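Note that UniProt numbering has the sequence shown beginning at 1, numbered continuously upward. Input: a single structure, listed below in structure tokens.
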Amino acid sequence: MKDLDLQSMVVQYLVTIGLYTNKIQVIDSPYKNKQLYLSVFASGKYNYKNDKSIKKLANKRYNQLTSEENRKYFSQFIINELTKFPIRVASFSDMLQEKYYTTSLETVDILAIPTKEFIPAIKSNLADVSFRNLKNNTTLIRNDILVYLNDSNELCYFTKENNQYKLQAIPCIVDFFYYLTLHKNSKDAIYISDNKTEYDNADNLYFQSYLNKEKYNTAQLKKDKQKPQS
């Protein structure tokens, strides 16, 4: 699977859990392959008010947080209309030829990989890079990296137990908010607002983009059907 195809699977997964894109841009990376830069948004308030299972899980995650600071921060995702932040999506599909390392903390980072066989290679370079100068970094991977497993269609982050890294899945938007609460390296890039109009504008832009894409896909299908068979 090509890098951008693998990365596009991440975009699809984010949409299924309620993180919608209002910007998708292909960017260059320091390790030669392409990456995706996303601007994503969600409404914790809407999900909390309209989905009983989401409400129940949000209350559970709130009670699992041990500090008052984290509880207050987590609550902001739930009680406000709009949460918006940037995500950089990279991929790692060839352990022999490709490298991946953290170059900044200005975005939430997702690394897409084909299978769990790539996990040991990632684990070996995980580190707390929050106090490091990343301009000269060529090996270390931030330990709050999100990993997308294509074969199982899972988004995960690393937790550490008894000095061993383990994967924790993110199956829904509440667990993504929980992850953002536990790992605040990219906190400055997160925008939270209780302005309903701001959310509606973002939602309308996403819906219009979706309609345009569907229109293009339909036109392309018709065009392909009209081509003479070889």
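Heads up, the beta-carbon is just placed ideally off N, CA and C, and yes, glycines get one too. These numbers come from a predicted model, not from an experiment.
Item, Value
"Cβ-based burial, E81 [other Cβ within 10 Å; buried from 16]", "buried"
"P86 in three-state terms, based on DSSP", "strand"
"Exposed unless 16 or more other CB atoms sit within 10 angstroms - verdict on Q220", "Residue placement at Q220 is flagged as unreliable, the pLDDT there being 47, under the threshold of 50; the coordinate-derived value follows with that caveat. Per the 10 Å Cβ criterion, exposed."
"Contact under 8 Å by Cβ, V8 with T21", "Per the sequence shown, the amino acid found at residue 8 is Ser instead of Val. Not in contact: S8 and T21 (Cβ atoms no closer than 8 Å)."
"Whole alpha helix (DSSP H) elements within the stretch 148 to 201, 4-residue minimum", "173 to 182"
"Per DSSP, cross-strand counterpart(s) of Q35", "I27"
"Candidates D109, K84 and K196, of which the one nearest S29 by Cα", "D109"
"Distance, T181 Cα to Y101 Cα", "23 Å"
"Beta-carbon spacing of N33, D5 below 8 Å", "no"
"D5, enclosing alpha helix (DSSP H) - first and last residue", "D3 to T16"
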